[in-house]
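Plus 1 on top of the position in the sequence shown (first one is 1) and you've got my numbering. What follows is a single structure, written as structure tokens, with notes after it.
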Amino acid sequence: MAVPLLRLCSFSLSPTPYTTPSIFHSFNPTTTFLRFKLHSTLFHSTIPMSQGDKGSTKSSSMTPYEEALEALSSLITRRTRVGDVNLEERFNVLFEYVKMLDLEEAISNMKIIHVAGTKGKGSTCTFTESILRNCGFRTGLFTSPHLIDIRERFRLDGLEISEEKFLAYFWWCYDRLKEKTDDKVPMPPFFHFLALLAFKIFSAEQVDVSIMEVGLGGKYDATNVVQAPVVCGITSLGYDHMEILGNTLGEIAGEKAGIFKHRIPAFTVPQPDEAMHVLKEKASRLNVPLQVVNPVDARLLDGSTLGLEGEHQYTNAALAVALCSMWLKMSGHLQDTNLEQTQHTLPEPFIKGLATASLQGRAQIVPDQHVNNEASNELVFFLDGAHSPESMEACARWFTLAIKGQDQTSFHQKMDNSKFSTEMVKMNIGERDHKKSTQILLFNCMSVRDPQLLLPQLMKTCADHGVYFRKALFVPALSMYHKVGSHALTPTDTNINLSWQLTLQRVWESLMQGNKVGKSTDAASEELKDDMGMSANNFEHSAVFPSLPVAIKWLRDRVQQNQSTRFQVLVTGSIHLVGDVLKLIKK
2 MAVPLLRLCS FSLSPTPYTT PSIFHSFNPT TTFLRFKLHS TLFHSTIPMS
52 QGDKGSTKSS SMTPYEEALE ALSSLITRRT RVGDVNLEER FNVLFEYVKM
102 LDLEEAISNM KIIHVAGTKG KGSTCTFTES ILRNCGFRTG LFTSPHLIDI
152 RERFRLDGLE ISEEKFLAYF WWCYDRLKEK TDDKVPMPPF FHFLALLAFK
202 IFSAEQVDVS IMEVGLGGKY DATNVVQAPV VCGITSLGYD HMEILGNTLG
252 EIAGEKAGIF KHRIPAFTVP QPDEAMHVLK EKASRLNVPL QVVNPVDARL
302 LDGSTLGLEG EHQYTNAALA VALCSMWLKM SGHLQDTNLE QTQHTLPEPF
352 IKGLATASLQ GRAQIVPDQH VNNEASNELV FFLDGAHSPE SMEACARWFT
402 LAIKGQDQTS FHQKMDNSKF STEMVKMNIG ERDHKKSTQI LLFNCMSVRD
452 PQLLLPQLMK TCADHGVYFR KALFVPALSM YHKVGSHALT PTDTNINLSW
502 QLTLQRVWES LMQGNKVGKS TDAASEELKD DMGMSANNFE HSAVFPSLPV
552 AIKWLRDRVQ QNQSTRFQVL VTGSIHLVGD VLKLIKK
């Protein structure tokens, strides 16, 4: 039975007063990098400076931040994710790392909200953090992946951690692990290290609440070293990472339910029967009080709108409300009264938290500043990191509504957060409605995904709403998956393997021929066929480009040559692609 949201929300707030952690009493934002390495001063560490040579290699040409990212990149394994790794063994080693970093007591004292799921984890965690911050609590939020900067994964009071603090905490953890690991227990892999770093940051910063998003799965995820969270949440489940989590919804649900702990309350949203059966069974075994929440009724928002776009966000918002309410109750801040009998809206801090939540790369609209600064025409990117059939459908629904301007007030508000972007698109919509609009798809996905499931869902949903792409552009990955930071973008390589992109193109062309959608004689479509010399393989409805920068240049050139056309580019299929586009267009 679904639990009424209002019943969860009666509370009296008395946030724990925040005091500056002792390790930062003398913290100076202008501190040099050498001071970050003086752990005996900053962190009371017992690691002698003479052992620093076990850390990363110094380079006079690197900034302190770049040096840290170089060291972090050394933890990225090039092994495949399946077959050559025993997930259970690797998970168990995490507890050794926790001991090395003296984090056992710190983690046990943290008041954690733990969230797993296939779709909506990041959105749910973002809503949750925003609500509790607006309730007056000091928050820590750990999410993945990052889009532009690794520090996006670690947020304190809604803001990514400062470079100075990141460096201090990073080197404290990295050098201590370097000192204590060996051939038997090597350095932790990339994500495991990041999770450990998050625990260190949030415990040292003395946040009131830590919201931890599972990276992959649940049972063997690095965040699952938490033994006693305050409350757990499972977002919508679907088919993803099946090579690791299993081929059925039941198997996937079993992995996600691995975050359940004995008698710790948990919430989920409506699920397919197979998945829900497993969640309830796992909960029963652990005496977990599992409750199901239905999507938030818009009337509970008292006229406000959600800060994140899309119908599916009402489901994520409901889960966030339930998690926050239970956290408040378990932490002694929620009174056991029934708001349902006294009012018909959510508490004001909840409404404000839901309305002001923001998350890059999810239903995000960003004008190309390069084009819009130089000419009176338009190139606007609609970015969403959808990468499953269900999320692809939600992405398509959002895109069709956004480009049609059915809710221009909401449309304006959901632009990229920068003042420039919002004002620019207001001007574009308000003053240039005489322009024709043409829709372009910019797509890539990982080779473990099935384009036969993703692309048809995208095309059909858009077509059902009267939207047809004039051209689909397929590009290879730009980010190097074995590096992070400013050096993680590969230079244009004319010899790059485009076999996967050609596969995606064939799927798209087959769909176009089979459905015969679109107007091939449309003037805008004809114009797009001109000057395809930069593409590696051009068909009537699609093109493969050797790199993302080349594809962006092609788009910008088309805008310059088609002054009467507004170009609306949907970027989807991969959150990494979304991040790479943001890096390029925000330069």
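Backbone N, C-alpha and C fix where the C-beta goes; we use that ideal spot for every residue, glycine too.
If you follow the alpha helix (DSSP H) that residue i is part of, which residue opens it and which one closes it?
{"i": "T140", "result": "Per DSSP, T140 belongs to no alpha helix (DSSP H); it is in the beta strand (DSSP E), T140 to F143."}
{"i": "M513", "result": "S500 to N516"}
{"i": "S74", "result": "P65 to S74"}
{"i": "L178", "result": "E164 to K181"}
{"i": "M331", "result": "Q314 to M331"}
Can you tell me where the beta strand (DSSP E) with residue i in it begins and where it stops?
{"i": "H115", "result": "I113 to A117"}
{"i": "P368", "result": "Q365 to P368"}
{"i": "C233", "result": "V232 to I235"}
{"i": "F546", "result": "F546 -> no beta strand (DSSP E), and no H or E assigned at all."}
{"i": "F382", "result": "E379 to L384"}
{"i": "G214", "result": "One point to set straight first is that residue 214 is Glu, not Gly, in the sequence displayed. Its beta strand (DSSP E) spans residues V210 to E214."}
{"i": "V270", "result": "Taken as a continuous stretch (DSSP letters only), V270 belongs to no beta strand (DSSP E), as it is neither H nor E."}
{"i": "Q440", "result": "K437 to F444"}
{"i": "R134", "result": "No beta strand (DSSP E) contains R134, which is instead part of the alpha helix (DSSP H) from K122 to N135."}
{"i": "T573", "result": "T566 to T573"}
{"i": "F155", "result": "F155 to L157"}
{"i": "R471", "result": "F470 to F475"}
{"i": "L291", "result": "L291 to V293"}
If we call anything under 8 Å between Cβ atoms a contact, is residue i one with residue j?
{"i": "I265", "j": "V289", "result": "yes"}
{"i": "I441", "j": "V560", "result": "no"}
{"i": "R152", "j": "T144", "result": "no"}
{"i": "A107", "j": "F171", "result": "no"}
{"i": "L585", "j": "I553", "result": "yes"}
{"i": "F400", "j": "C463", "result": "yes"}
{"i": "V476", "j": "L503", "result": "no"}
{"i": "L307", "j": "A356", "result": "yes"}
{"i": "V232", "j": "L324", "result": "yes"}
{"i": "I260", "j": "T119", "result": "no"}
{"i": "G131", "j": "Q314", "result": "For the record, residue 131 in the displayed sequence is Ser; it is not Gly. Cβ distance not < 8 Å, so S131 and Q314 don't count as in contact."}
{"i": "Q458", "j": "E394", "result": "yes"}
{"i": "V210", "j": "F138", "result": "yes"}
{"i": "G362", "j": "L88", "result": "no"}
{"i": "V508", "j": "Q453", "result": "yes"}
{"i": "A358", "j": "E310", "result": "no"}
{"i": "H466", "j": "E510", "result": "no"}
{"i": "F200", "j": "L76", "result": "no"}
{"i": "Q514", "j": "N538", "result": "no"}
Compute the Euclidean distance between the alpha carbons of residue i and residue j, then round it to the nearest angstrom.
{"i": "T370", "j": "F568", "result": "Looking at the sequence provided, one finds Gln at residue 370 rather than Thr. One C-alpha to the other measures close to 13 Å."}
{"i": "G234", "j": "P65", "result": "38 Å"}
{"i": "V367", "j": "S74", "result": "29 Å"}
{"i": "L578", "j": "I162", "result": "24 Å"}
{"i": "W173", "j": "P146", "result": "23 Å"}
{"i": "D581", "j": "V485", "result": "12 Å"}
{"i": "Y175", "j": "D303", "result": "47 Å"}
{"i": "K181", "j": "T573", "result": "42 Å"}
{"i": "L583", "j": "H263", "result": "42 Å"}
{"i": "M101", "j": "D183", "result": "12 Å"}
{"i": "K405", "j": "H115", "result": "37 Å"}
{"i": "M229", "j": "L95", "result": "The sequence shown places Ala at residue 229, not Met. When rounded, the distance between both Cα atoms is 16 Å."}
{"i": "D222", "j": "V215", "result": "6 Å"}
{"i": "L556", "j": "S575", "result": "19 Å"}
{"i": "L402", "j": "Q562", "result": "27 Å"}
{"i": "S326", "j": "P348", "result": "11 Å"}
{"i": "K185", "j": "V381", "result": "52 Å"}
{"i": "I212", "j": "L499", "result": "39 Å"}
{"i": "A321", "j": "I113", "result": "14 Å"}
{"i": "A117", "j": "R177", "result": "29 Å"}
{"i": "H388", "j": "C136", "result": "33 Å"}
{"i": "V227", "j": "D158", "result": "21 Å"}
{"i": "L250", "j": "S237", "result": "11 Å"}
{"i": "F470", "j": "C126", "result": "33 Å"}
{"i": "G333", "j": "K122", "result": "26 Å"}
{"i": "L549", "j": "A478", "result": "8 Å"}
{"i": "P187", "j": "Y98", "result": "10 Å"}
{"i": "A473", "j": "I497", "result": "20 Å"}
Thinking residue i and residue j are a contact (beta carbons under 8 Å), I'd like their distance in whole angstroms, please.
{"i": "K437", "j": "T346", "result": "The pair is not a contact, with the Cβ atoms about 42 Å apart (cut-off 8 Å)."}
{"i": "A258", "j": "V279", "result": "7 Å"}
{"i": "V297", "j": "A319", "result": "5 Å"}
{"i": "E312", "j": "R450", "result": "Not a contact, Cβ separation roughly 23 Å."}
Any beta carbon from chain D within less than 8 Å of residue i's own beta carbon?
{"i": "V226", "result": "In the structure shown, chain D cannot be found, because there is only a single protein chain."}
Between the region 271-279 and the region 344-353, are three or more C-beta pairs nearer than 8 Å? With fewer than three CB-CB distances shorter than 8 Å, the region 271-279 does not count as touching the region 344-353.
Pairs of beta-carbons, one from the region 201-214 and one from the region 276-285, closer than 8 Å: are there three or more? Touching, no.
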